[in-house]
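Each residue of the sequence shown is one higher than the last, beginning at 2 in the working numbering.
We put the beta carbon where it would ideally sit given N, CA and C, even for glycine.
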Amino acid sequence: MLENVWIILRHMQLTDFLDIILVAFILYSIFVLIKDTKAYQLATGIILVIFFFLLTQWAHLYVSNRIIRAFINYLIIAIIVLFQSELRRFFTGIGSHTFRRPFKLGPLKEKLEDISLAVDYMSQKKIGALIAIEKDIDLSPYAQRGRVIDAELSKDLLVSIFFPKSPLHDGAVLIRGNKIIAAGCLLPLAPTHTLGENFSTRTRHLAALGLAQETDAAVIVVSEQTGEVSLATRGKIEKLSKKDSIRQLLAEYLRIR
2 MLENVWIILR
12 HMQLTDFLDI
22 ILVAFILYSI
32 FVLIKDTKAY
42 QLATGIILVI
52 FFFLLTQWAH
62 LYVSNRIIRA
72 FINYLIIAII
82 VLFQSELRRF
92 FTGIGSHTFR
102 RPFKLGPLKE
112 KLEDISLAVD
122 YMSQKKIGAL
132 IAIEKDIDLS
142 PYAQRGRVID
152 AELSKDLLVS
162 IFFPKSPLHD
172 GAVLIRGNKI
182 IAAGCLLPLA
192 PTHTLGENFS
202 TRTRHLAALG
212 LAQETDAAVI
222 VVSEQTGEVS
232 LATRGKIEKL
242 SKKDSIRQLL
252 AEYLRIR
């Protein structure tokens, strides 16, 4: 068996290696895209369908093969319709400058404590807040919908922006690295039915979910009615319990060490 592998490797050209690397990259990107999303379970089902399709071809089960082939044609359309947000996030991610990531997220590490302290304070005081932290996908288009700040991030600055009746408290704050790049930003709203019934304030949560569906940003919401903190990532939003550490959750999601 090892001899066969060696023979194959000897006859492979540079283009063959590049082809393998490209396919591996595509498969890895798809895995990252669907990991921890509703598409992950669907992917398992698709793999099983493809397996049975190949099995019917190999066994010459013509009727079964035709049925599965027709099913696959409709399945492709269904995937495009059902997973628009995941596909949008995937193709947007391809166009983003991911090679700049270490330079962008490195300075954020020292500011996670400021974010955590600000969120805890606003939660205790029931000050509504919407904070989006840039990961790989550029948030500049959303910054254009608010007021450019370009100031160093701090707990006091975050709290002052969201303080009731301040000019920018109704919009979202966008964070890149150790800077607040914009405030008072309007974010896209997710469809209401995707939010669920567990959220008392809807607008900020819909905005957080909308941005998490379009980008890979981490979006924090503080409810001004209850003081509850929620975190939206990967196209879904979850309430955090008191034992959850927002700093740790952000570090894990943003892969900051």
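Worksheet item: For His170, which residues of its own chain have a beta-carbon under 6 angstroms away from its beta-carbon, when the five flanking residues on both sides are left out?
Response: Phe163
Practice prompt. Just the C-alpha distance for Ala152 and Ile182, rounded to the nearest angstrom, thanks.
Written response: So the alpha carbons of these two residues sit roughly 7 angstroms apart.
Practice prompt. For the beta strand (DSSP E) holding Thr234, just list the boundary residues, first then last.
Written response: Val230 to Thr234
Worksheet entry | Which listed residue (Ser161, Ser141, Val223 and Ile128) has its alpha carbon closest to that of Leu175 | Selected option, being the one with the closest Cα: Ser141.
Discussion item. Considering only their Cβ atoms, is the gap separating Leu241 from Val230 smaller than 7 angstroms?
Written reply: Their beta carbons are under 7 angstroms apart, which means Val230 touches Leu241 by this criterion.
Discussion item. DSSP three-state label for Ile221, please.
Written reply: strand
Worksheet item: Lys136 and Ala219 look like a contact to me (Cβ under 8 angstroms); what is the Cβ gap, rounded to whole Å?
Response: 7 angstroms
Fill in: DSSP state of Glu239 mapped onto helix, strand, coil
strand
Worksheet item: Short check: CB of Val160 to CB of Ala119, under 7 angstroms?
Response: yes
Discussion item. For Lys156, list the residues DSSP reports as bridge partners.
Written reply: Note: Lys156 sits in no beta bridge, so no partner.
Discussion item. Taking DSSP's pairing of strands, which residues face Lys180 in a bridge?
Written reply: Glu153 and Arg177
Worksheet item: Relative to the ligand NAP, is the shortest distance from any of its heavy atoms to the C-beta of Leu175 smaller than 6 angstroms?
Response: For the ligand NAP, the structure offers nothing, since it holds no ligand at all.
Fill in: Inter-residue spacing [alpha-carbon to alpha-carbon] between Ser155 and Phe53
56 angstroms
Discussion item. Does Ile132 come out as helix, strand or coil in the three-state DSSP assignment?
Written reply: Secondary structure of Ile132 (DSSP, three-state): strand.
Worksheet item: What span of residues does the alpha helix (DSSP H) with Leu142 cover, start to end?
Response: Sequence check: residue 142 is Pro here, not Leu. Looking at the DSSP string, the run of the alpha helix (DSSP H) that includes Pro142 is Ser141 to Ala144.
Item to complete: Tell me whether Arg148 sits in a helix, a strand or coil according to DSSP, three-state version.
Response: Three-state DSSP puts Arg148 in a strand.
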